[in-house]
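Trainee: In this note's numbering, the protein residues as written are 93 to 354. The C-beta atom is built at its ideal place from N, Cα and C for all residues, glycine as well.
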Ligand code: KIV
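Here is the structure:
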């Protein structure tokens, strides 16, 4: 899968499928699936490292996640998230982070900011790296939003999100994630820009969808937004397996002769 395949699918109105992934084993399974794009999201901070937000994510951890995912999913288009503090200091810091993510094997980067970051976005695009923007409920702005809340409901923030997507297009981005915004706004962005629009809590009139894999697989989560559809109850399945194993060990049923070297 490459950027041209993605654009062809968009032109043919074939829905694009994106999921997050952070490790080699899950990436190997995803590589065999119908998923088009893998996002190595900074949500790794929360679902892999137990942080309460994405803010503490750093470039070293992200680089490890990207490298593992790329090895497991060689056939997928892999997008790497730029962690919070990697591009808020200067354009040079940002370019250094892009270098680390691309050297780890990413095919594109995603960043959660528009205003004040135009120079960086333009520089990344001019360097030959596809850029995905992210607007709406951008979790790196959680402290400014005062929580994880729907964005773009009032006319001012609606118009701001629309204007940001037009700016991202003008700066050369190929795609944008629309997170937790009214479906009508996401549909408008899809109509009025040529960006590949990927929604999460943004209705279905977009070019594709993304979910955090741990949410759709039903791993335990303190945050259960209504836009998540759960396809598996991993929490229950894992717990059953762990308890069954514990019981087998305690009862002397594991290992059996077949599982032993006699
Ligand atoms: O980090 C992430 O997982 C994301 C998705 C929620 C789009 O940015």
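Can you determine whether any heavy atom of the ligand KIV sits closer than 8 Å to the C-beta of residue 213, and answer yes or no?
Mentor: Outside the cutoff, so no.
Trainee: Would a C-beta distance cut-off of 9 Å place residue 304 and residue 111 closer than the cut-off?
Mentor: Going by C-beta atoms, residue 304 is nearer than 9 Å to residue 111.
Trainee: Look at the alpha carbon of residue 346 and the alpha carbon of residue 337, and state the distance between them as a whole number of angstroms.
Mentor: Roughly 8 Å separates the two Cα atoms.
Trainee: Do the segment 156-169 and the segment 191-209 make contact, defined as three or more Cβ pairs closer than 8 Å?
Mentor: Enough Cβ pairs lie closer than 8 Å, so yes.
Trainee: Does DSSP classify residue 209 as helix, strand or coil?
Mentor: Coil, per DSSP.
Trainee: Which of the three DSSP states is assigned to residue 319 in this structure?
Mentor: It is coil, neither helix nor strand.
Trainee: Let me know the secondary structure DSSP gives residue 294 once reduced to three states.
Mentor: Looking at residue 294 - three-state DSSP - the assignment turns out to be coil, as it is neither helix nor strand.
Trainee: For the beta strand (DSSP E) containing residue 271, name the first residue and the last one.
Mentor: Note, residue 271: beta strand (DSSP E), 267-271.
Trainee: Sorry if obvious, but does the Cβ on residue 226 come closer than 8 Å to a heavy atom of the ligand KIV?
Mentor: Yes; taking the cut-off as 8 Å, the Cβ of residue 226 has a heavy atom of the ligand KIV nearer than that.
Trainee: Using a Cβ cut-off of 9 Å (strictly closer), state whether residue 331 contacts chain B.
Mentor: Here chain B cannot be found, since the structure has a single protein chain.
Trainee: Identify which residue in 116, 184 and 176 has its Cα closest to the Cα of residue 156.
Mentor: Ranking the options by Cα distance to residue 156, first place goes to 116.
Trainee: Leaving out five residues on either side along the sequence, give the residues of the same chain with a beta carbon under 8 Å from the beta carbon of residue 210.
Mentor: The residues are 259 and 263.
Trainee: Applying the criterion that 16 or more other CB atoms from any shown protein chain within 10 Å of the CB defines a buried residue, is residue 355 buried or exposed?
Mentor: This structure gives no information on residue 355, because the portion of the chain shown stretches from 93 to 354.
Trainee: For residue 139, which residues from the same chain have a beta carbon less than 6 Å from its beta carbon, with the 5 sequence-adjacent residues on both sides left out?
Mentor: 306.
Trainee: Under DSSP, the alpha helix (DSSP H) around residue 110 begins and ends at which residues?
Mentor: Note, residue 110: premise wrong, no alpha helix (DSSP H); beta strand (DSSP E) at 108-112.
Trainee: Name the one or two DSSP bridge partners that residue 226 has.
Mentor: Note: residue 226 sits in a beta bridge opposite 269.
Trainee: Determine, using beta-carbon pairs with one atom in the segment 241-252 and one in the segment 264-281, whether at least three such pairs fall under 8 Å.
Mentor: Yes, the segment 241-252 is in contact with the segment 264-281.
Trainee: So residue 340 is in the beta strand (DSSP E); what residue range does that whole segment cover?
Mentor: Premise fails: residue 340 lies in the alpha helix (DSSP H), 326-342, not in any beta strand (DSSP E).
Trainee: Since I believe residue 295 is in contact with residue 314 (beta carbons under 8 Å), could you give me their beta-carbon distance rounded to a whole number of angstroms?
Mentor: Contact doesn't hold; Cβ gap of about 25 Å is too wide.
Trainee: Can you grab the Cα-Cα spacing for the pair residue 109 / residue 133, in whole Å?
Mentor: Cα to Cα, the separation comes out at about 15 Å.
Trainee: With 16 as the cutoff for other CB atoms within 10 Å, does residue 151 come out buried or exposed?
Mentor: Classification of residue 151: buried, given that the 10 Å Cβ count is 16 or more.
Trainee: Rank 351, 240, 322 and 293 by C-alpha distance to the C-alpha of residue 146 and give the top, closest one.
Mentor: The shortest C-alpha separation from residue 146 is found at 240.
Trainee: Cβ of residue 146 within 8 Å of any heavy atom in the ligand KIV?
Mentor: The answer is yes for residue 146.
Trainee: Using the Cβ count rule (16 or more neighbours within 10 Å means buried), how would you classify residue 136?
Mentor: Residue 136 is buried by the Cβ-count criterion.
Trainee: In angstroms with no decimal places, state the Cα-to-Cα distance between residue 120 and residue 207.
Mentor: In a straight line, the C-alpha of residue 120 is about 37 Å away from that of residue 207.
Trainee: Please state the DSSP three-state secondary structure of residue 281.
Mentor: Looking at residue 281 - three-state DSSP - the assignment turns out to be helix.
Trainee: Residue 265: which of 233, 330, 256 and 223 sits nearest, CA to CA?
Mentor: Answer by Cα proximity: 223.
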